[in-house]
Amino acid sequence: MNLSIFNFNKIYRIVIIFVVLFIFYNVYLIVQKPNVTMLQNQWQNNYSFAQDFIYDNKAKNIIVGSSMAARIQNKFLPKNYYNLSFSGGSVLTGLEIIKRSGFIPKNIYIENNIIFRHEDNKLLNILFYPFLWEIKKYVPSLREKYQPLNLIISKIKGAYGKTHDELLKISRDNNIYDLSMKRQQKNYDKNLKQYDIKLKQLKNLVKYFEVQGTKITFFEMPIDINLAKSIKAKEQRNVIKVNFKNNWMRLPDNDEYTTTDGIHLIYKSAYEYSDEFLKLTRRVNE
Amino acid sequence: MLFNSFPFLVLVLVTLILYYSKKLVKYQIYILILSSLVFYAYGQPYLLLLLFISASINAIVSYKVYFENIREKKRLYSVSGVVFNLVVLSFFKYSPLFGVMIEDFNSLGGVGEFLLTIPLPIGISFYTFQGISLVVDLYKSDHQSECPLFEVNKNFKKHYLDTIFFISFFPQLVAGPIVKAYQFYPQIKTKYLKDIDFERAFKILILGYFLKMVIADNLKDQTFWMTYPYFESLSSLTLITLLFGYSIQIFADFAGYSLIAIGIAKLYGYELPKNFNFPYISKSFSEFWTRWHISLSSWLKEYLYIPLGGNRVSKIRVYINISIVMLLGGLWHGAAYSYIVWGGYHGFLLVTERYMASYVKFPSNILMNAVKVFFVFSLITLGWLLFKLPEFDQVLLYLHSLASNSGAHRKEILMMIFFYAIPIFIYYLNYLISITKNKNYLDNSFIYAILFFLIITNSGSSGEFIYFQF
Chain B
1 MNLSIFNFNK
11 IYRIVIIFVV
21 LFIFYNVYLI
31 VQKPNVTMLQ
41 NQWQNNYSFA
51 QDFIYDNKAK
61 NIIVGSSMAA
71 RIQNKFLPKN
81 YYNLSFSGGS
91 VLTGLEIIKR
101 SGFIPKNIYI
111 ENNIIFRHED
121 NKLLNILFYP
131 FLWEIKKYVP
141 SLREKYQPLN
151 LIISKIKGAY
161 GKTHDELLKI
171 SRDNNIYDLS
181 MKRQQKNYDK
191 NLKQYDIKLK
201 QLKNLVKYFE
211 VQGTKITFFE
221 MPIDINLAKS
231 IKAKEQRNVI
241 KVNFKNNWMR
251 LPDNDEYTTT
261 DGIHLIYKSA
271 YEYSDEFLKL
281 TRRVNE
Chain W
1001 MLFNSFPFLV
1011 LVLVTLILYY
1021 SKKLVKYQIY
1031 ILILSSLVFY
1041 AYGQPYLLLL
1051 LFISASINAI
1061 VSYKVYFENI
1071 REKKRLYSVS
1081 GVVFNLVVLS
1091 FFKYSPLFGV
1101 MIEDFNSLGG
1111 VGEFLLTIPL
1121 PIGISFYTFQ
1131 GISLVVDLYK
1141 SDHQSECPLF
1151 EVNKNFKKHY
1161 LDTIFFISFF
1171 PQLVAGPIVK
1181 AYQFYPQIKT
1191 KYLKDIDFER
1201 AFKILILGYF
1211 LKMVIADNLK
1221 DQTFWMTYPY
1231 FESLSSLTLI
1241 TLLFGYSIQI
1251 FADFAGYSLI
1261 AIGIAKLYGY
1271 ELPKNFNFPY
1281 ISKSFSEFWT
1291 RWHISLSSWL
1301 KEYLYIPLGG
1311 NRVSKIRVYI
1321 NISIVMLLGG
1331 LWHGAAYSYI
1341 VWGGYHGFLL
1351 VTERYMASYV
1361 KFPSNILMNA
1371 VKVFFVFSLI
1381 TLGWLLFKLP
1391 EFDQVLLYLH
1401 SLASNSGAHR
1411 KEILMMIFFY
1421 AIPIFIYYLN
1431 YLISITKNKN
1441 YLDNSFIYAI
1451 LFFLIITNSG
1461 SSGEFIYFQF
């Protein structure tokens, strides 16, 4: 069979132009290292954080958690810390990423607010798709962060997103807070459900890292005081304390912080709590 | 198996190599059938049996219909064939809906619970409609017809093989385009590499993958915020923009899928019917249905609307026929009340338009045409809300929020939807220009190379095709 035939000629032109564009773009990314400050959506943010960790950043102190811990932004932290918490994500996803990347950190800080959420297999499959994830190490244009549109929107000053000072001034929208708190309260007034499998997974992952010398510490993000005292929050805290003999950070003073919806800190509180978080980690590690 | 996955790429390439291999040329149909079964079994292996039984029964019944000389018997065979397909479709697709209704009334103990457990076989709405088309086409045009739609091979084994191939051909198996028997059977013959227009196929595939992976998949991550309860806290402007974004997304998703199916089929030498023809430039609702999901709307027209009497009956009957067709068309999309409401909504728009047309004549100029396009697009877009939100209560809540919310705009959502709408706008504009100037400005290698580049570097997170669920 001869596949190299006459009617492929015009396809070659398209492929050659594509290859030139592709090589040029990758060389640009490798040489120029453009600063990508804006991403298109929260899922892309998750991929980007995870890929930055997998391919570039190997901080000794890693935070894993849900969208609550994700409020501690990496820009608030020193370089030897990395927050691998995801919006809509979970502790199990973060731990699994560290494990699959083959890196053993010195400390892992595990958020305990939403600890029994299942791992995000879709995210894990994309991050560690056989062969492709290793190719992405050398071909940056294949990473979500370097999508051409992200480079464009990062160049448009003030197109969206606010400066740090502007964000610090944002206060809570009480309508959204009230609407959300009704739902959160209902959710937090229920007992914990079907967490056995997740607990087992968590135990296995914690054991994996401990055996290799990683110190594990549990912590809680500040949330609305009523939710922090709820049945579910207490039960969850208790399950972890009974099953793990690891360190705990001092529980936050929930009254000192403000949330947008009962569970997620506003920017100013997240900034302030990040500072407190770092102080607490130092105390735990003394 | 998703069209945008590596296993699919491998399947297409391996099939292609075997298919055009000189030594295997006489087994081409077997190769495609085998690939189609692998494609289907990849996701739901146990439901392969249903596909196989359905195709086999359609093969037997259609053979009987075609060669039977006694009119009554022929009629009996064809009715049984149609009923069989409808029963299969109803049982597997609508059992959960009946299950919910029975559970609501709590009248039949475990029956409702059982019905809720019936799995939905992927593509069932498509392959049962193709089965009906086969039986009906051969009833209308048998071996005695002077101008047959197509001829059935006297050798049953050959017809059986052709039918299994027709029903299971993998590019169109799970989400169309719905191919009618008379469009497909005449194409079944040995194919040679030299006859294949690879350039055209490659361009169609690039366009299809661009629409799906770059436009639809990226918009999907923006329109996520239309789901309950997230939309409650968004401003009216953001909610309108999201609805607009979803309208673009569903077009890019389904038109993209259809183009990929057409492109893949072309690689094997088969022509599938066009499924989309720039639907959002329609100046009327009836025109919209000649441009959107053409293979379904033409199927409903040929096999339902015309047999019901079509336009040849009284005005009132025409209105009733349109409403029946659109309600059933809505129900075809899924076992949920919202789809029936969606069908009813389109039926209402079509009937109102037809009624108005006999009393009001609008002038035809550029401005008026633009107003008409905007009006039709807006109401069509409003209807997509019933696709996006599965619960009817949520649809009402969304509309309420849209009318009353005054929160802050989500600038990032507005901006991203704007960015991803630009290529679609250019795509449509180029089409309009090409009609008047008779030149397609986008049809050049550089543009296709850029689209290819964006598929590789700017795709959204992969998502299932919206029409897979139907």
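Same order as they appear, the protein sequences are chains B and W. Residue 120 in the working numbering sits at position 120 of the first sequence; the count goes up by one each step and never skips. Residue 1098 in the working numbering sits at position 98 of the second sequence; the count goes up by one each step and never skips. Glycine included, each C-beta is placed from N, C-alpha and C at the ideal position. Please read all numbers here as calculations on a predicted model, not as lab measurements.
Output the distance between the C-alpha atoms of residue i and residue j, rounded to the nearest integer angstrom.
{"i": "Pro-105/B", "j": "Ala-59/B", "result": "7 Å"}
{"i": "Thr-1190/W", "j": "Ile-1029/W", "result": "8 Å"}
{"i": "Ile-5/B", "j": "Val-1341/W", "result": "For Ile-5/B, the predicted model reports a pLDDT of 45, less than 50, meaning its position is unreliable; a value from the coordinates is still stated below. So the two alpha carbons sit approximately 53 Å from each other."}
{"i": "Phe-218/B", "j": "His-164/B", "result": "29 Å"}
{"i": "Ile-1178/W", "j": "Tyr-1127/W", "result": "8 Å"}
{"i": "Ser-1284/W", "j": "Val-1376/W", "result": "6 Å"}
{"i": "Glu-1115/W", "j": "Ala-1336/W", "result": "As written in the sequence, residue 1115/W is Leu, which differs from the Glu given in the question. Distance between the alpha carbons of Leu-1115/W and Ala-1336/W is about 14 Å."}
{"i": "Ile-310/B", "j": "Gly-88/B", "result": "In the structure displayed, chain B extends from 1 to 286; residue 310/B sits before or after that span and is not available."}
{"i": "Ser-1404/W", "j": "Ile-176/B", "result": "14 Å"}
{"i": "Glu-272/B", "j": "Asp-173/B", "result": "19 Å"}
{"i": "Ser-154/B", "j": "Gln-40/B", "result": "10 Å"}
{"i": "Phe-1374/W", "j": "Leu-251/B", "result": "56 Å"}
{"i": "Glu-119/B", "j": "Phe-103/B", "result": "19 Å"}
{"i": "Tyr-1066/W", "j": "Ser-1054/W", "result": "18 Å"}
{"i": "Lys-1154/W", "j": "Tyr-1427/W", "result": "47 Å"}
{"i": "Asp-178/B", "j": "Asp-261/B", "result": "7 Å"}
{"i": "Ile-1422/W", "j": "Val-31/B", "result": "30 Å"}
{"i": "Leu-1048/W", "j": "Leu-199/B", "result": "37 Å"}
{"i": "Ile-156/B", "j": "Met-1416/W", "result": "13 Å"}
{"i": "Val-139/B", "j": "Leu-1454/W", "result": "15 Å"}
{"i": "Leu-1086/W", "j": "Asn-1275/W", "result": "23 Å"}
If I'm right that residue i touches residue j with Cβ under 8 Å, what's the distance once you round it to whole angstroms?
{"i": "Phe-76/B", "j": "Ser-274/B", "result": "4 Å"}
{"i": "Ile-54/B", "j": "Ile-97/B", "result": "7 Å"}
{"i": "Pro-1273/W", "j": "Ser-1295/W", "result": "5 Å"}
{"i": "Ile-110/B", "j": "Gly-65/B", "result": "7 Å"}
{"i": "Leu-1219/W", "j": "Leu-1402/W", "result": "Not confirmed; about 19 Å, so no contact."}
{"i": "Ile-63/B", "j": "Ile-72/B", "result": "7 Å"}
{"i": "Ile-1435/W", "j": "Tyr-1441/W", "result": "That pair is no contact at about 12 Å."}
{"i": "Ala-1181/W", "j": "Ser-1133/W", "result": "5 Å"}
Per DSSP, residue i is paired with what?
{"i": "Asn-15/B", "result": "Reading off the sequence shown, one finds Val at residue 15/B, where the question assumed Asn. Val-15/B pairs with nothing; no bridge assigned."}
{"i": "Val-64/B", "result": "Ile-110/B"}
{"i": "Leu-265/B", "result": "Thr-259/B"}
{"i": "Trp-248/B", "result": "Phe-218/B"}
Just curious, the alpha helix (DSSP H) that residue i is in, first and last residue?
{"i": "Thr-217/B", "result": "Counting along the chain, Thr-217/B falls outside any alpha helix (DSSP H), though it belongs to the beta strand (DSSP E) covering 215–219."}
{"i": "Ile-1294/W", "result": "1294–1300"}
{"i": "Asp-1393/W", "result": "1392–1404"}
{"i": "Phe-1364/W", "result": "Looking at the sequence shown, residue 1364/W is not Phe but Ser. Here Ser-1364/W belongs to no alpha helix (DSSP H), and DSSP marks it neither H nor E."}
{"i": "Phe-1170/W", "result": "1170–1173"}
{"i": "Tyr-1063/W", "result": "1048–1067"}
{"i": "Met-1326/W", "result": "1315–1333"}
{"i": "Glu-144/B", "result": "That residue, Glu-144/B, is in no alpha helix (DSSP H); it is neither H nor E in DSSP."}
{"i": "Lys-136/B", "result": "132–138"}
{"i": "Glu-235/B", "result": "231–243"}
{"i": "Trp-1225/W", "result": "Element bounds for Trp-1225/W: n/a, residue is neither H nor E."}
{"i": "Pro-1229/W", "result": "Taken as a continuous stretch (DSSP letters only), Pro-1229/W belongs to no alpha helix (DSSP H), as it is neither H nor E."}
{"i": "Lys-1073/W", "result": "1071–1089"}
{"i": "His-1346/W", "result": "1337–1357"}
{"i": "Ala-1041/W", "result": "1028–1041"}
{"i": "Phe-1254/W", "result": "1236–1267"}
{"i": "Glu-1146/W", "result": "Careful: Glu-1146/W lies outside any alpha helix (DSSP H) and carries neither H nor E."}
{"i": "Gln-291/B", "result": "Chain B is shown only over 1 to 286; residue 291/B falls outside these bounds and no answer can be derived."}
Can you tell me where the beta strand (DSSP E) with residue i in it begins and where it stops?
{"i": "Tyr-82/B", "result": "81–83"}
| message | Counting beta carbon pairs with one atom in the stretch 1160–1173 of chain W and one in the stretch 1033–1044 of chain W, are three or more of them shorter than 8 Å? | response | yes
| message | Using 8 Å as the cut-off, can you tell me whether the stretch 252–270 of chain B makes contact with the stretch 140–158 of chain B, which would need three or more C-beta pairs spanning the two stretches below that distance? | response | no
| field | Given 8 Å, three or more beta-carbon pairs between the stretch 1342–1361 of chain W and the stretch 1305–1319 of chain W | value | yes
| message | Contact between the stretch 181–188 of chain B and the stretch 224–239 of chain B is defined here as three or more beta-carbon pairs at a separation below 8 Å; is this criterion met? | response | yes
| said: Under 8 Å, with one C-beta from each stretch per pair, do the stretch 1203–1214 of chain W and the stretch 1259–1268 of chain W reach the 3-pair mark? | reply: yes
| Any chance the stretch 1448–1456 of chain W sits against the stretch 16–27 of chain B, with 3 or more Cβ pairs inside 8 Å? | yes
| request: Spell out a yes or no on whether the stretch 120–128 of chain B and the stretch 230–245 of chain B are touching, meaning 3 or more CB-CB pairs, one atom from each, closer than 8 Å. | output: no
| Do three or more CB pairs link the stretch 1181–1199 of chain W to the stretch 1084–1094 of chain W at distances below 8 Å? | no
| query | Between the stretch 1221–1240 of chain W and the stretch 1381–1398 of chain W, do three or more beta carbon pairs fall short of 8 Å? | reply | yes
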